[in-house]
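Protein chains: 2
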Amino acid sequence: MIAQQENDSISNEKELFVKMVIDAWDAQNSKVDQLLEELSDKQLKAENAPGKNTGVYLIGHLTAVSDGLLPILGISERLYPQLEEVFLKNPEKSDLEKPSIADLKNFWRNVNLKIKGYFNEMKAEDWFGKHVAVSAEDFAKEPHRNKLNVLLSRTTHQSYHLGQLINLKGK
Amino acid sequence: MIAQQENDSISNEKELFVKMVIDAWDAQNSKVDQLLEELSDKQLKAENAPGKNTGVYLIGHLTAVSDGLLPILGISERLYPQLEEVFLKNPEKSDLEKPSIADLKNFWRNVNLKIKGYFNEMKAEDWFGKHVAVSAEDFAKEPHRNKLNVLLSRTTHQSYHLGQLINLKGK
Numbered sequence: 006m007i008a009q010q011e012n013d014s015i016s017n018e019k020e021l022f023v024k025m026v027i028d029a030w031d032a033q034n035s036k037v038d039q040l041l042e043e044l045s046d047k048q049l050k051a052e053n054a055p056g057k058n059t060g061v062y063l064i065g066h067l068t069a070v071s072d073g074l075l076p077i078l079g080i081s082e083r084l085y086p087q088l089e090e091v092f093l094k095n096p097e098k099s100d101l102e103k104p105s106i107a108d109l110k111n112f113w114r115n116v117n118l119k120i121k122g123y124f125n126e127m128k129a130e131d132w133f134g135k136h137v138a139v140s141a142e143d144f145a146k147e148p149h150r151n152k153l154n155v156l157l158s159r160t161t162h163q164s165y166h167l168g169q170l171i172n173l174k175g176k
Numbered sequence: 006m007i008a009q010q011e012n013d014s015i016s017n018e019k020e021l022f023v024k025m026v027i028d029a030w031d032a033q034n035s036k037v038d039q040l041l042e043e044l045s046d047k048q049l050k051a052e053n054a055p056g057k058n059t060g061v062y063l064i065g066h067l068t069a070v071s072d073g074l075l076p077i078l079g080i081s082e083r084l085y086p087q088l089e090e091v092f093l094k095n096p097e098k099s100d101l102e103k104p105s106i107a108d109l110k111n112f113w114r115n116v117n118l119k120i121k122g123y124f125n126e127m128k129a130e131d132w133f134g135k136h137v138a139v140s141a142e143d144f145a146k147e148p149h150r151n152k153l154n155v156l157l158s159r160t161t162h163q164s165y166h167l168g169q170l171i172n173l174k175g176k
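Here the protein sequences come in this chain order: Y and W.
Here the first sequence is numbered in our numbering, starting from 6 and rising by one per residue.
Here the second sequence is numbered in our numbering, starting from 6 and rising by one per residue.
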C-alpha cells in the first residue's frame with residue numbers, strides 16, 4: 006500500500022512537470038503557427054533585420070530542428086533529412102537552393118503533427134529516460150540529460166527565433 | 006523506512022526538475038551577460054530591426070521582468086519599481102526618460118544577484134508551491150501554476166528577446 010502511494014506520488018510529480026514543459030513547447034508552436042497565418046510570402050522572404058536571416062530561413066531552421074527531435078527522442082528517422090544541409094549545417098548566405106514557402110509550411114505542419122501524436126502517447130515516465138545522444142554511462146551521472154530536457158532546450162531555442170520572426174510583421 | 010524512501014524518491018525527482026529549469030534560466034542569463042560585455046553603448050542604443058525596440062529598451066524590459074520575479078515568488082518587493090512604468094507599462098516610443106546605460110547594467114546585475122542568492126537557498130519543495138498571483142482555490146485545481154512554472158515562462162520570454170538583442174551585433 007505504501008509502495009503504491011510512493012509510485013502514485015512520484016508519477017503525479019512527473020506528470021505535472023511533463024505538462025509544464027509540453028505546455029511551454031505548445032505555446033511556442035502556436036505562436037509560430039499564428040505568425041505563419043499572418044505573414045505574407047513577401048514578409049517571409051524579408052530579412053528580420055538588415056543582413057540577418059529571412060523568415061524563410063528561420064522557418065526552415067525551426068522545422069529542421071523540430072524534425073531532429075524525432076531521432077534524438079528515439080521516435081523515428083527525420084521526415085525531411087534534406088533540410089539539414091540547407092538550414093542547419095549551412096547559413097542562409099550559402100545560397101543552397103531552398104524549398105518553396107508552400108513546401109516549408111507543409112513540412113512544418115507535418116513535423117509538428119508527427120511529434121504531437123507521439124507526445125500524446127508517451128507516458129510521463131518515458132520523458133525521464135535518456136535521450137539518444139547521451140551515453141548510458143554519462144546519463145547515470147547526469148540524469149537531467151533526459152528527453153524532457155531536450156524538449157525544454159528546443160523550447161527556448163524556438164522562442165529565441167520567434168523573437169526574430171516577429172520582426173517581420175509590418176515589413 | 007519505506008516512508009523515508011518515498012520522501013527521498015520524490016525529493017530527488019523534484020530536485021532534478023528544479024535543476025533542469027534553473028539551468029535553462031542561468032543559460033539565458035549568461036548569454037545576456039555576455040552580450041552586455043560585447044556590445045558598445047552605440048550598439049545598445051540601436052534598434053534591433055528598423056522601427057523595433059532598441060537594446061536599451063530590451064535590457065530595461067528584461068531587467069523589469071526579472072525584478073518582477075521578486076514579488077511574484079514571494080521573495081521581496083521589486084528593487085527598481087521605477088522600471089515598471091518605463092519598460093513594462095509603456096512601449097519604447099512613449100519617450101519616457103530612461104535610465105543611463107551604466108545604471109541599467111547595474112540594475113540588471115543587482116536583480117540577478119538577488120534572485121540567484123535566493124534560488125541558492127530555496128529547497129526543491131518550495132518551487133512547487135503556488136506563486137503569489139494565483140489563488141489557493143485555483144492552485145488546488147491547477148497545480149502546474151507553481152513557482153517553477155513562473156521561472157520557466159520567464160526563461161522562454163528572456164530567450165525571445167535575446168533573439169532580438171543578438172541582432173545588435175555588427176551594428
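Heads up, the beta-carbon is just placed ideally off N, CA and C, and yes, glycines get one too.
From which residue to which residue does the alpha helix (DSSP H) around residue i run?
i	result
Ser158 of chain W	Lys152 to Leu170
Ala107 of chain Y	Ile106 to Glu126
Lys146 of chain W	Ala141 to Lys146
Leu88 of chain W	Gln87 to Phe92
Pro76 of chain Y	Leu74 to Ile77
For residue i, which beta-bridge partners are listed by DSSP?
i	result
Thr59 of chain Y	Y:Glu52
Lys135 of chain W	W:Asn151
Where does residue i land, buried or exposed, given buried means 16+ other C-beta within 10 angstroms?
i	result
Glu18 of chain W	buried
Asp72 of chain Y	buried
Met6 of chain W	In this prediction, Met6 of chain W has a pLDDT of 46, which is less than 50 and means its spatial position is unreliable; nothing more can be read from the coordinates.
Arg114 of chain Y	exposed
Asn58 of chain Y	buried
Val137 of chain W	exposed
Leu101 of chain Y	exposed
Pro148 of chain W	buried
Tyr153 of chain W	The identity of residue 153 of chain W in the sequence shown is Leu, whereas the question assumes Tyr. So Leu153 of chain W ends up on the buried side.
Pro86 of chain Y	exposed
Asn95 of chain Y	exposed
Ala69 of chain Y	buried
Gly122 of chain W	exposed
Val37 of chain W	buried
Leu40 of chain Y	buried
Ala141 of chain Y	exposed
Lys135 of chain W	buried
Pro55 of chain W	exposed
Gly175 of chain Y	exposed
Leu109 of chain Y	buried
Gly60 of chain Y	buried
Ser99 of chain W	exposed
Leu107 of chain W	Correcting the residue type first, residue 107 of chain W is Ala in the shown sequence and not Leu. Classification of Ala107 of chain W: exposed, given that the 10 Å Cβ count is below 16.
Val164 of chain W	It is worth fixing the name first, because residue 164 of chain W is Ser in this sequence and not Val. Classification of Ser164 of chain W: buried, given that the 10 Å Cβ count is 16 or more.
Ala1 of chain Y	The question about residue 1 of chain Y has no answer here: the residues shown for chain Y are numbered 6 through 176.
Gly79 of chain W	exposed
His166 of chain W	buried
Give me the chain W residues within the contact set of residue i, using Cβ-Cβ distance strictly less than 9 angstroms, ordered along the chain.
i	result
Glu19 of chain Y	The sequence shown places Lys at residue 19 of chain Y, rather than the Glu named in the question. What Lys19 of chain Y touches in chain W: Glu18 and Phe22.
Asn95 of chain Y	Chain W residues near Asn95 of chain Y: none, gap ~19 angstroms exceeds 9 angstroms.
Could you name the residues of chain W that residue i contacts, counting a contact when the two beta carbons are closer than 8 angstroms?
i	result
Leu167 of chain Y	Tyr165 and Gly168
Gln33 of chain Y	Thr161
Asn125 of chain Y	Residues of chain W passing the Cβ test: none, with the nearest at roughly 17 angstroms.
Name, please, each residue of chain Y whose Cβ falls closer than 8 angstroms to the Cβ of residue i.
i	result
Ala138 of chain W	What Ala138 of chain W touches in chain Y: nothing, since even the nearest Cβ is about 16 angstroms away.
Asn117 of chain W	Here the premise fails: no neighbours, minimum Cβ distance about 17 angstroms.
Asn111 of chain W	Result: empty, since nearest Cβ-Cβ is about 25 angstroms, beyond 8 angstroms.
At a CB-CB cut-off below 9 angstroms, which residues of chain Y make contact with residue i?
i	result
Ala29 of chain W	Asn154, Leu157, Ser158, Thr160 and Thr161
Below 9 angstroms on C-beta distance, what does residue i contact in chain A?
i	result
Met25 of chain Y	In summary, chain A is missing from the structure at hand, where the protein chains are Y and W.
Checklist line | Proximal residues, the region 46-77 of chain W versus chain Y, C-beta separation under 8 angstroms | finding: Against chain Y - using a Cβ distance shorter than 8 angstroms - the residues of the region 46-77 of chain W are Asn53, Ala54, Pro55, Gly56 and Lys57.
Notebook entry, point to check: What residues from the region 141-161 of chain Y come within 9 angstroms of chain W, judged by C-beta to C-beta, listed N to C?
Noted result: So the close ones are Pro148, His149, Asn151, Leu153, Asn154, Leu157, Ser158, Thr160 and Thr161.
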